[in-house]
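**Q** In the working numbering, the protein residues as written are 25 to 320.
Backbone N, C-alpha and C fix where the C-beta goes; we use that ideal spot for every residue, glycine too.
Only a predicted model underlies this, so the values are computations on that prediction, with no experimental measurement involved.
1) The beta strand (DSSP E) that contains residue 117, what's its start and end?
2) How long is the line joining the alpha carbons of residue 153 and residue 146, rounded to whole angstroms?
3) Could you give the DSSP three-state label for residue 37: helix, strand or coil?
4) Taking all protein chains shown into account, do 16 or more other C-beta atoms lie within 10 angstroms of the C-beta of residue 111, making it buried, or fewer, making it exposed?
5) Rank 189, 57 and 303 by C-alpha distance to the C-alpha of residue 248 and give the top, closest one.
6) According to DSSP, simplified to helix, strand and coil, what is residue 301?
7) Given 7 Å as the limit, tell me if residue 83 has its C-beta closer than that to any heavy atom belonging to the ligand SAM.
8) Identify whether residue 58 lies in helix, strand or coil by the three-state DSSP scheme.
9) Contact check, residue 91 vs residue 148 under 8 Å by CB: the rounded distance?
10) How is residue 44 classed by DSSP in three states: helix, strand or coil?
11) Please confirm if the stretch 78 to 95 is in contact with the stretch 117 to 132, defined as three or more CB-CB distances below 8 Å between the two stretches.
12) Can you give me the start and stop residues for the beta strand (DSSP E) that residue 348 sits inside?
13) In whole angstroms, give me the CA-to-CA distance for residue 31 and residue 179.
14) Which residues does DSSP pair with residue 155 in a beta bridge?
15) For residue 255, which residues does DSSP report across the bridge?
16) Does the stretch 65 to 82 come into contact with the stretch 37 to 56, if we say contact requires no fewer than three beta-carbon pairs (one atom in each stretch) closer than 8 Å?
17) Tell me which residues share the same chain as residue 279 and place their Cβ nearer than 6 Å to its Cβ, disregarding the 5 neighbours each side in the sequence.
18) Helix, strand or coil: how does DSSP classify residue 53 here?
19) For residue 197, list the residues DSSP reports as bridge partners.
20) Please report the straight-line C-alpha distance between residue 96 and residue 144, rounded to a whole angstrom.
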């Protein structure tokens, strides 16, 4: 048993990584550049990034990327790799398609995590084109609902995620690949943070009750569409009650949060993963159960 951040304790990189992985998405803190230098040489500008909660810096350097054999052209990928078991734990690598990055939790029991930062096309003798394929780091939670985008898109976006384009918040209607044109009304739809929170909270039946109701009538299962926070609040009124069960994606019971309100403990909050389930058990008077999405 160990309180990580207390006097006399040594905080390890894994300790910090677990924490920062919940706060920041994987990506780069600032834009970088890629330039073809001939043959298989690519110059990469300075990189400041975050992967699995591990922040890193890579100085400008020239990388010799993999080239295909035989005729025709093939796509390839440049990636950042963290390997905690290696003598040099941070490196830049390349691979030809098909390629799926390794992504292990290096803060728990994994060793290797890779993040693609560029895609290139090459023949057997030279790189012929290169395109940036990284996302910008963003912090989740209230006030950071979406990343700022331009058109064509600079990063991949999954359906149901959010982005800001020309100063307007949009919800992604269908998956968008980096390089794809943003078309309001087609692949993105204008919305507001308030509207999205209202829609999400409908599933949790956030409301106020003047009297107790039978638990069997109040049981409501709600599956979290994204990572976020489950908020259960009974307020400061001693007569208010708010209770919710938390279950994993297989509906197996994890625990119960909430209780009766008072001035000292008016609310409870816990981080939840997409696919987990909240089951509202009872809400009375000023109590409520709600969900705040963490969307990158």
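**A** So, from the data block:
1) For the purposes of this step, residue 117 is identified with residue 93 of the chain shown, where counting begins at 1. Here the beta strand (DSSP E) through residue 117 covers 114 to 120.
2) Here residue 153 corresponds to residue number 129 of the chain shown, with the count starting at 1. Here residue 146 corresponds to residue number 122 of the chain shown, with the count starting at 1. In a straight line, the C-alpha of residue 153 is about 7 Å away from that of residue 146.
3) Working through the chain shown from its first residue, we reach residue 37 at position 13. Three-state DSSP puts residue 37 in a helix.
4) Position 87 of the chain shown, counted from the first residue, corresponds to residue 111. The residue is exposed, with fewer than 16 neighbouring Cβ atoms inside 10 Å.
5) Residue numbering aside, residue 248 sits at position 224 when the chain shown is read from its first letter. It is 303.
6) As a first step, residue 301 must be located in the chain shown, where it is residue number 277. The answer is strand: DSSP assigns residue 301 an E or B state.
7) Among the ligands in the structure shown, none appear at all, so the ligand SAM cannot be discussed.
8) Residue numbering aside, residue 58 sits at position 34 when the chain shown is read from its first letter. Note: residue 58 maps to strand in three-state DSSP.
9) As a working mapping, residue 91 is identified with position 67 in the chain shown. As a working mapping, residue 148 is identified with position 124 in the chain shown. Indeed they touch by this definition, with Cβ atoms about 6 Å apart.
10) In the chain shown, residue 44 corresponds to position 20, counting from 1. Residue state, collapsed to three classes: helix.
11) yes
12) Since the displayed the chain opens at 25 and closes at 320, residue 348 lies outside it and no answer follows.
13) Start at 1 with the first residue of the chain shown, and residue 31 comes out as number 7. Start at 1 with the first residue of the chain shown, and residue 179 comes out as number 155. Rounded to the nearest angstrom, the two C-alpha atoms are 42 Å apart.
14) As a working mapping, residue 155 is identified with position 131 in the chain shown. 143, per the DSSP bridge assignment.
15) By 1-based counting over the chain shown, the position of residue 255 is 231. Note: residue 255 sits in a beta bridge opposite 293 and 314.
16) yes
17) Here the question's residue 279 lines up with position 255 in the chain shown. Result list for residue 279: 270, in chain order.
18) For the purposes of this step, residue 53 is identified with residue 29 of the chain shown, where counting begins at 1. If DSSP states are grouped into helix, strand and coil, residue 53 belongs with coil.
19) Here residue 197 is taken as the residue at index 173 of the chain shown, counted from 1. In DSSP, residue 197 forms no bridge with anything.
20) Reading the chain shown from its first residue, position 72 is the one you call residue 96. Reading the chain shown from its first residue, position 120 is the one you call residue 144. The alpha-carbon atoms of residue 96 and residue 144 are separated by roughly 14 Å.
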